[in-house]
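A short worksheet on the structure shown next.
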DNA sequence: AAAGCTTTAGTTGTGCACAACCTTTATGCG
DNA sequence: CGCATAAAGGTTGTGCACAACTAAAGCTTT
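Chains as they are written, first to last, in this note's numbering: chain U, 1 to 219; chain P, 1001 to 1219.
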């Protein structure tokens, strides 16, 4: 017996796997995903896999067209900018709506992120940066007890993550790592002060900077 | 040929129909929805219907349990309160993130809502109030061009709509209508001033009041 | 050679039969 | 009578075969 039902666990696993591949640009926008091929890879039939693709479609990451295929979406820059606007506001709300009490354990996690971030400098890789950024984002949303805020923030994060990654690959990787490290240091400082609102404000500020940077990279 | 593909149109139709039934308490929390019965009612097989139920499950309105059934959820009061907190903030953001220009047509729509609201006084019905409130909510989100904000607000609205309705049925209906009318009047005033931020603030304020009222009804 | 039609390969959508599972009811034993 | 066990009915989950559909390649005709 598993904690969750077998089917639900597999659903979550496949969903997370495909979402990660899309957001890490393993499947760049325009890629055609074959239900049959994916089903074979994951050792199931099309039926459970279609449930996963349906959710990805609801989340705006793919779009299924009858007779054509299931295609990874590419997002309108204007809509992306507006989504970032909302993400920025939500990041600030994490500090105001049911913030958690900052424990020693949380501070230690913040310190761990910084350590791992600094390790990126010795061996700079875009994918490693993206993965750590993704993990750090989840850490950030875990600082509120407001489930709706968490879910919404994550939903929007995964919708915009690809754009950030695409823009990053056009920028100087080492510089991007340095910027990320700066955020981690500011964040750690806020956590050490046991100030959840300050931590949220750090995230908010860096999303603002990220918006400006991506806009500048586009022209 | 239809504008959308046939399948997608039907999906949206079924989804909207079931979501409305759940939020209007036609299917109160705990109700067991039979896939086969619903499929028969809508003239399809289980397959397309399961796609609809899967989305409703992702939205938190039902939960499917293998061997048991698909059951309409009932929500934890604490989580509901936190969801309302977020909804309040999002309502305020509608005025700040890409607000639309208030046109004469929009003002006319606001006036129309007021007229229809006043009509409720002569024949008070909970369902009619709930339906108008739902329609008015969509009108409110249409005042921003930010798609993500619109989608998120609606998603959260449908997640909390039932709770409001359940609480309302324990309160004085005529008084609830009067409160709703006051919101419509305040809103109309803001629209006539062509002030989108003011309109958003009106909504924000009334969500705050709604939270207090629901809390008072429970305690 | 070019344009239009037909064919063909490949994809997602649908319906059905069955498997897996849970709950309730019936039954047999102490 | 009480309790445990089994059996039955009903529900969601899965796999498969086929339908509906699209796009591209190939063929025919001008």
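Don't be surprised by glycine CBs; every beta carbon is placed ideally from N, CA and C.
(request) Within the region 1086-1134 of chain P, note down every full alpha helix (DSSP H) run reaching 4 residues or more, in order along the chain. (result) Counting only runs of 4 or more, we get 1104-1122.
(request) Give the single residue among 57/U, 185/U, 81/U, 178/U whose Cα lies nearest to the Cα of residue 111/U. (result) The alpha carbon of residue 111/U has as its nearest neighbour, out of 57/U, 185/U, 81/U, 178/U, the alpha carbon of 185/U.
(message) Within 10 Å of its beta-carbon, does residue 1078/P have 16 or more other beta-carbons around it, so buried, or fewer, so exposed?
(response) exposed
(request) Check whether the region 91-107 of chain U touches the region 1094-1112 of chain P, counting contact only when three or more Cβ pairs, one atom from each stretch, lie closer than 8 Å. (result) no
(message) If I measure Cβ to Cβ from residue 1150/P and keep anything under 8 Å in the same chain, skipping five residues before and after, which residues do I get?
(response) 1141, 1142, 1144
(message) By alpha-carbon positions, which one of 1193/P, 1027/P, 1032/P, 1073/P ends up nearest to residue 1067/P?
(response) Of 1193/P, 1027/P, 1032/P, 1073/P, the residue nearest in Cα terms is 1032/P.
(request) State yes or no: is the C-beta of residue 1039/P within less than 7 Å of the C-beta of residue 1049/P? (result) yes
(message) Is there a Cβ of chain P sitting closer than 7 Å to that of residue 18/U, yes or no?
(response) no
(message) So for residue 1194/P, helix, strand or coil by DSSP?
(response) In the three-state reduction of the DSSP assignment, residue 1194/P falls in the coil class, being assigned neither a helical nor a strand state.
(message) My assumption, with CB atoms under 8 Å, is that residue 1126/P sits in contact with residue 1169/P. Please give the rounded CB distance.
(response) 6 Å
(message) At 3 residues or longer, what runs of the beta strand (DSSP E) sit wholly inside the region 1011-1099 of chain P?
(response) As far as the region 1011-1099 of chain P is concerned, its whole beta strand (DSSP E) runs of at least 3 residues are 1062-1065, 1069-1072.
(message) So, under 8 Å CB-CB, residue 1014/P and residue 1035/P are touching, yes? Tell me the CB distance rounded to an integer number of Å.
(response) That belief does not hold up - the Cβ atoms of residue 1014/P and residue 1035/P are roughly 12 Å apart, past 8 Å.
(request) Taking only beta-carbon positions, decide if residue 76/U is within less than 7 Å of chain P. (result) No, its Cβ sits nowhere closer than 7 Å to a Cβ of chain P.
(message) Check for me: the alpha helix (DSSP H) holding residue 153/U runs from which residue to which?
(response) 147-168
(request) With a threshold of 16 other CB atoms inside 10 Å of the CB of residue 123/U, please say whether the residue is buried or exposed. (result) exposed
(request) Just tell me which of 1120/P, 1156/P, 1154/P has its CA closest to the CA of residue 1179/P. (result) Comparing Cα positions, the closest option is 1120/P.
(request) Just the C-alpha distance for residue 89/U and residue 1051/P, rounded to the nearest angstrom, thanks. (result) So the two alpha carbons sit approximately 32 Å from each other.
(request) Please confirm whether residue 1056/P and residue 1165/P have their CB atoms less than 7 Å apart. (result) no
(request) Select from 1009/P, 1134/P, 1129/P, 1163/P the residue whose C-alpha is nearest the C-alpha of residue 1081/P. (result) Distance from the Cα of residue 1081/P is smallest, within the candidate group 1009/P, 1134/P, 1129/P, 1163/P, for 1163/P.
(request) Look at the Cβ atom of residue 116/U, then the Cβ atom of residue 93/U, and state whether they are nearer than 7 Å. (result) no
(request) Just the chain P side, please: which residues come within less than 7 Å of residue 149/U by C-beta, in chain order? (result) 1086
(request) Check the DSSP bridge columns for residue 1144/P and list the partner residues they point to. (result) 1099/P
(message) Looking at residue 152/U: is its Cβ nearer than 7 Å to the Cβ of residue 1152/P?
(response) yes
(request) Mind listing the chain U neighbours of residue 1054/P? Cutoff is C-beta to C-beta under 8 Å, in chain order. (result) 51, 54, 55
(message) Would residue 190/U and residue 182/U be called neighbours here (beta carbons separated by less than 7 Å)?
(response) no
(request) Output yes or no for whether 7 Å exceeds the beta carbon distance between residue 1027/P and residue 1019/P. (result) Contact: no.
(request) Report yes or no: is there a C-beta of chain P within less than 7 Å of the C-beta of residue 146/U? (result) Residue 146/U counts as touching chain P.
(request) Out of 1161/P, 1009/P, 1159/P, point me to the one whose CA is closest to residue 65/U's CA. (result) It is 1009/P.
(message) So with CB distances below 7 Å, who are the chain U contacts of residue 1079/P?
(response) 147
(request) List the residues of chain U whose Cβ lies closer than 8 Å to the Cβ of residue 1058/P, in chain order. (result) 55, 58
(request) Could you tell me whether the Cβ atoms of residue 1217/P and residue 156/U are closer together than 7 Å? (result) Contact: no.
(request) Taking 7 Å as the cut-off, decide whether the C-beta atoms of residue 160/U and residue 83/U are in contact. (result) yes
(request) Whole angstroms is fine: what's the gap from residue 1076/P's alpha carbon to residue 208/U's? (result) 34 Å
(request) Answer yes or no: do residue 1058/P and residue 1029/P have a C-beta to C-beta separation smaller than 7 Å? (result) no
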